[in-house]
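Notes for the one structure printed next.
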Amino acid sequence: MLNIKLKLFFILLFFVYNVVSESSFIPKDQRAEIFKLTDNKVAVFRVTIPENEFASLKRKANFVTAYDINAKNDVIKKTVNLINSQNLEEIFPGNDFKKLLPDLPMNKDGYPTIDYTKYLLSDSKFEYIMTEYYVSFIVFKTFNDDSYLNLINVLYVLSGLEMSPDATVDENFLFIMNIFGKDKVTKDEEDGKYYLLDKDEDEDYYEFPFEYEYYDEYYGEEDYGDDNANLEKRRRRVRRQNIKRRGLGRREYEDYNADDFKKLLESYDFSKYDNPAEEEIDEFDFKTKNGTMEVEVNNKKSNFKKITFSLGGHFSRNFAKPAYNIKIRGGKELYGRRQFKLRSDPADPTYLRSKLVSDIHNRLGVPSISANYATLYINDEYMGLFVLTDAYKETWIEYVYGEKDTKLLYKCNISDLTYETRNGFKNENNEITDRKELYEFLAAMTTAQTPSEIEHIFDVDQFVTEIALEYLTSAWDHFMNQHNYYIYKNYKNNKWIYLAYDFDLDLGLNTYETDVTTTQSFDELSYPSLVEKLILNDFDKFNNTIKEIVTNAFNPGVLFPHIDELKAFIKPYVELDKTPDENGKSPGRINLNDDILFSMDQWDESSEFTDINSTISGLKLFILLKYRYICKEYGIQCDPKYLSDDYKTTTAATATKTTTVVPEPTEDVEPTITTTTKTTTTTTTTKTTTKTTTTTTTTTTKTTTTTTTTPEPTKTPEFKCMAEVIGYPCCTSKQTKVYRTDEYGDWSFNFLKLQWCGLTKYEPKTENDEDVCWARKLGYPCCEKCPLLTLYKDSNGSWGLEHLRWCGIIESQCSKN
8 MLNIKLKLFF ILLFFVYNVV SESSFIPKDQ RAEIFKLTDN KVAVFRVTIP ENEFASLKRK
68 ANFVTAYDIN AKNDVIKKTV NLINSQNLEE IFPGNDFKKL LPDLPMNKDG YPTIDYTKYL
128 LSDSKFEYIM TEYYVSFIVF KTFNDDSYLN LINVLYVLSG LEMSPDATVD ENFLFIMNIF
188 GKDKVTKDEE DGKYYLLDKD EDEDYYEFPF EYEYYDEYYG EEDYGDDNAN LEKRRRRVRR
248 QNIKRRGLGR REYEDYNADD FKKLLESYDF SKYDNPAEEE IDEFDFKTKN GTMEVEVNNK
308 KSNFKKITFS LGGHFSRNFA KPAYNIKIRG GKELYGRRQF KLRSDPADPT YLRSKLVSDI
368 HNRLGVPSIS ANYATLYIND EYMGLFVLTD AYKETWIEYV YGEKDTKLLY KCNISDLTYE
428 TRNGFKNENN EITDRKELYE FLAAMTTAQT PSEIEHIFDV DQFVTEIALE YLTSAWDHFM
488 NQHNYYIYKN YKNNKWIYLA YDFDLDLGLN TYETDVTTTQ SFDELSYPSL VEKLILNDFD
548 KFNNTIKEIV TNAFNPGVLF PHIDELKAFI KPYVELDKTP DENGKSPGRI NLNDDILFSM
608 DQWDESSEFT DINSTISGLK LFILLKYRYI CKEYGIQCDP KYLSDDYKTT TAATATKTTT
668 VVPEPTEDVE PTITTTTKTT TTTTTTKTTT KTTTTTTTTT TKTTTTTTTT PEPTKTPEFK
728 CMAEVIGYPC CTSKQTKVYR TDEYGDWSFN FLKLQWCGLT KYEPKTENDE DVCWARKLGY
788 PCCEKCPLLT LYKDSNGSWG LEHLRWCGII ESQCSKN
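This note's numbering applies: residue 8 is where the sequence shown begins, and numbers increase by one.
And the structure:
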């Protein structure tokens with residue numbers, strides 16, 4: 008009995024050691040202490056800012072809606088002024104308006120004198136009003152307010168009066184009176200409030216007068232098409248304007264030689280800016296110095312009385328959950344760093360890409376930011392899980408290179424490291440105006456034809472390594488896109504160095520389909536000319552670098568276990584991040600323009616071997632296919648285990664399903680999550696082995712082994728109506744009017760909640776269907792619609808994916824369509 012207890016003790020000791028010890032993936036001394044301490048414990052950041060500034064942050068986090076507030080206020084102002092411009096006594100003669108509308112202010116000539124400022128939207132009204140989508144609904148909600156003058160009541164009364172046929176009436180006034188009049192609005196006699204009636208779908212409700220004037224004025228008259236394409240087209244237009252303004256893209260210096268540049272630089276006045284790069288869209292920025300912060304790491308709390316807290320990112324502002332930047336002031340630091348980014352990485356369903364690529368850099372000893380995980384609270388509001396990174400700032404340079412207050416750290420907004428794109432850089436020290444050393448460096452980079460000509464001023468080896476990493480990870484948003492990197496001149500050796508960042512779009516995200524992305528040769532890619540001069544002219548160095556990276560870091564044998572550990576570590580936090588509160592709102596999703604939220608199934612599957620769509624590759628699938636291609640292309644002696652075509656069906660075979668009980672976040676401690684895990688080993692082609700080890704979970708594991716060759720069984724959900732299949736609610740018994748019909752049946756619309764609901768009862772396919780559902784015998788449903796793509800075939804039949812679940816394809820039914 009004693010021996011058994013001793014064995015259990017040593018097993019437990021081994022388990023604890025492996026949980027709390029530093030990550031074996033990254034060698035020691037590559038990262039700041041904060042990242043070593045958070046390898047196995049998610050840090051808790053609690054930021055406190057004034058409430059009015061928190062409200063302002065939420066407003067500005069709405070990337071498009073920030074302008075919408077101004078636009079909607081403009082519509083409100085013009086609507087009220089329109090009403091004021093109408094002579095009501097001439098339009099509706101013979102009425103006593105003092106009796107009909109005693110609260111309506113009017114002058115002696117019969118014109119209303121309504122104060123439009125009483126209706127303007129503000130931060131305090133923001134969350135209340137922006138739950139609406141259409142401007143007409145927002146105006147209705149704004150005017151339906153008794154605190155000053157209920158304009159809906161005014162329009163409701165006016166719509167019931169007889170108009171003079173001789174009166175001159177603005178057609179927009181008639182329009183407004185029509186959609187807010189007795190035909191479209193009802194008054195509840197019990198509470199005296201007005202409500203929009205159920206109505207036929209028509210254009211009146213969706214195109215309100217003055218709605219588009221503001222946008223035409225701001226964005227110009229270009230036709231941007233549908234809403235989804237709108238933002239990207241506008242951003243491209245801004246980028247084109249910036250490029251044109253900065254002179255980027257012009258090749259006015261491409262024929263210059265070294266002597267030409269020497270003469271040019273000798274005559275240049277370096278005491279002023281030339282035309283420094285500007286941030287593309289800064290109207291939505293939020294920053295406050297009125298913040299304090301408490302950070303808890305491994306049950307130890309650190310408090311900071313002075314921080315700067317700001318919204319982070321630019322393109323990421325399109326998404327529901329924004330990112331944040333933190334700077335600790337007053338000479339304080341948090342375990343070796345003073346400036347941090349809390350990245351939401353909204354485009355990456357795995358939460359792993361930024362972390363993995365940072366870890367690969369650190370494993371190889373390449374200068375880089377580091378990454379781990381943190382949860383964030385703002386004014387005690389739980390904002391969710393974030394990727395915690397440091398940032399290339401002056402303080403980072405001080406920590407890593409020992410130079411305090413550097414004057415030679417530049418952020419690239421758009422540049423290919425040539426003189427003609429010199430204005431694409433911004434110095435991190437805003438007080439620096441002398442750009443002489445930068446321009447001399449870029450001039451030399453422009454005239455150089457071989458690595459030997461610039462290796463005394465530029466760390467060529469490090470740059471080649473970065474380009475090799477970009478190629479291996481299919482990273483299109485760094486040097487290939489002339490973006491997302493810094494350059495710094497190391498004062499110790501007088502060499503400039505290239506520093507990449509923002510890795511969330513690497514490893515097969517927003518690229519071509521996985522099989523295309525992973526089989527592209529390097530010379531097929533469109534890199535700036537500098538790559539040709541430094542790499543293609545010395546391809547042996549590049550090839551050797553590729554082989555070194557693949558051998559030491561970029562291979563399934565190293566990366567897959569690391570992915571498994573990270574998944575097990577963050578899974579409870581990911582699940583909590585996706586758990587909505589009692590109002591249906593998920594943590595930190597404060598940009599009301601976007602409601603995209605990847606499911607837990609998508610998180611799990613896209614971390615493995617399943618592509619979510621043509622632009623989001625399964626993480627392990629991307630790594631595996633890229634590894635196989637590189638091994639063959641570069642003649643590397645790679646692990647035959649991963650080169651075998653049978654690998655996915657014999658080795659990558661474990662699927663982990665977890666049911667998690669998630670409590671509400673508490674005020675002082677991280678949530679404790681109880682997890683029950685059932686692990687099933689199969690020979691499926693889409694899953695991989697996952698080892699679950701999480702210090703904050705209580706786990707019961709049961710393992711069974713089967714040899715089935717069909718996809719993993721998934722319990723068919725119990726839907727009440729067809730709408731629930733795609734995430735919409737069923738209609739109540741009072742909602743019976745049909746406004747739309749599609750493949751999911753009949754739809755009605757709740758105009759109080761502004762939400763579609765389903766009328767058609769859910770009836771799953773049964774054995775008695777005209778075409779028998781063969782998959783049901785195996786424990787699966789059949790596809791409700793014919794998939795565009797057959798994902799898998801076996802001896803039973805063809806398989807598709809529907810509602811993120813496997814389904815059997817009824818061939819006879821689909822062949823008819």
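Ideal Cβ placement from N, Cα and C applies to all residues, glycine included.
Rounded straight-line distance, which links the Cα of residue j to that of residue i
| i | j | result |
| --- | --- | --- |
| Arg247 | Asn436 | Low per-residue confidence applies at Arg247: pLDDT is 35, beneath 50, and the placement is therefore not dependable, though the value from the model is reported in the following sentence. Answer to the nearest angstrom: the Cα atoms are 26 Å apart. |
| Leu313 | Lys334 | Correcting the residue identity first, residue 313 is Lys in this sequence and not Leu. Taking the straight line joining both Cα atoms gives about 9 Å. |
| Phe549 | Phe529 | 10 Å |
| Gln820 | Lys84 | 57 Å |
| Gly188 | Glu96 | 18 Å |
| Phe182 | Val745 | 25 Å |
| Ile121 | Arg747 | 39 Å |
| Tyr202 | Leu512 | 46 Å |
| Asn160 | Asn151 | 8 Å |
| Glu444 | Gly319 | 29 Å |
| Asn620 | Cys789 | 21 Å |
| Phe326 | Ala265 | 46 Å |
| Leu204 | Glu58 | 37 Å |
| Leu532 | Thr453 | 21 Å |
| Asn488 | Tyr534 | 8 Å |
| Val442 | Gln37 | Residue 442 is actually Arg in this sequence, not Val. If I take the Cα positions, the gap works out to 31 Å. |
| Ser624 | Asp801 | 23 Å |
| Gln742 | Ser755 | 7 Å |
| Met33 | Phe268 | A small fix is needed here, since residue 33 is Ile in this sequence, not Met. Whole-angstrom Cα-Cα distance: 44 Å. |
| Val373 | Asn305 | 28 Å |
| Leu543 | Asp466 | 17 Å |
| Thr708 | Glu612 | Residue placement at Thr708 is poorly supported in this model, since its pLDDT is 35, which falls under 50; the coordinates still yield a value, given next. Looking at the two C-alpha atoms, the distance is approximately 20 Å. |
| Asp7 | Gln93 | This structure cannot speak to residue 7, because the chain is shown only from 8 to 824. |
Residues bridged to residue i [DSSP beta-bridge criterion]
| i | result |
| --- | --- |
| Gln346 | Lys334 |
| Gly431 | Bridge partners of Gly431: none, in fact. |
| Asp749 | Gly752 |
| Thr357 | Answer by DSSP bridge pairing: none, since Thr357 is not bridged. |
| Thr193 | Tyr202 |
| Trp483 | DSSP output for Trp483 lists no bridge partner at all. |
| Ser805 | Lys800 |
| Asp397 | Phe347 |
| Trp813 | Leu808 |
| Met113 | Pro119 |
| Cys764 | Ser755 |
| Tyr417 | Asn434, Ile494 |
| Phe465 | Trp503 |
| Leu516 | Ile623 |
| Cys1 | Any answer about residue 1 is impossible in this case: the structure gives the chain only from 8 up to 824. |
Host beta strand (DSSP E) of residue i (start-end)
| i | result |
| --- | --- |
| Trp503 | 502-507 |
| Ser309 | 307-319 |
| Met300 | 294-304 |
| Ile494 | 492-497 |
| Lys339 | Note, Lys339: premise wrong, no beta strand (DSSP E); not H, not E. |
Alpha helix (DSSP H) segment containing residue i, residue limits
| i | result |
| --- | --- |
| Tyr163 | 158-165 |
| Leu541 | 536-541 |
| Thr552 | 546-559 |
| Asn179 | 178-186 |
| Phe104 | 104-107 |
Near the ligand ZN: residue i beta-carbon under 7 Å from a heavy atom
| i | result |
| --- | --- |
| Val581 | Because no ligand of any kind appears in the structure shown, any question about the ligand ZN cannot be addressed here. |
8 Å Cβ cutoff, residue i in contact with chain B
| i | result |
| --- | --- |
| Tyr634 | Among the chains of the structure shown, chain B does not appear; only one protein chain is present. |
Contained alpha helix (DSSP H) runs [length at least 4] in the segment 580-651, N- to C-terminal order: 607-613, 626-640, 647-650, all fully within the segment 580-651.
Any 3 or more C-beta pairs closer than 8 Å across the segment 471-490 and the segment 357-376: In short, these stretches touch, since the Cβ pair count reaches three.
Segment contact, 8 Å Cβ cut-off, at least three pairs: the segment 381-390 with the segment 51-67: Touching, yes.
Secondary structure, alpha helix (DSSP H): runs of 4+ residues fully inside the segment 46-91: The segment 46-91 contains these whole alpha helix (DSSP H) runs: 58-68, 72-91.
Length-filtered (4 minimum) alpha helix (DSSP H) runs lying within the segment 363-393: You should have found no qualifying run.
Inter-stretch contact (C-beta, 8 Å, three-pair minimum) for the segment 143-150 and the segment 88-108: Touching, no, given that fewer than three Cβ pairs across the two stretches are closer than 8 Å.
At least 3 beta-carbon pairs within less than 8 Å: the segment 411-429 vs the segment 395-403: Yes, the segment 411-429 is in contact with the segment 395-403.
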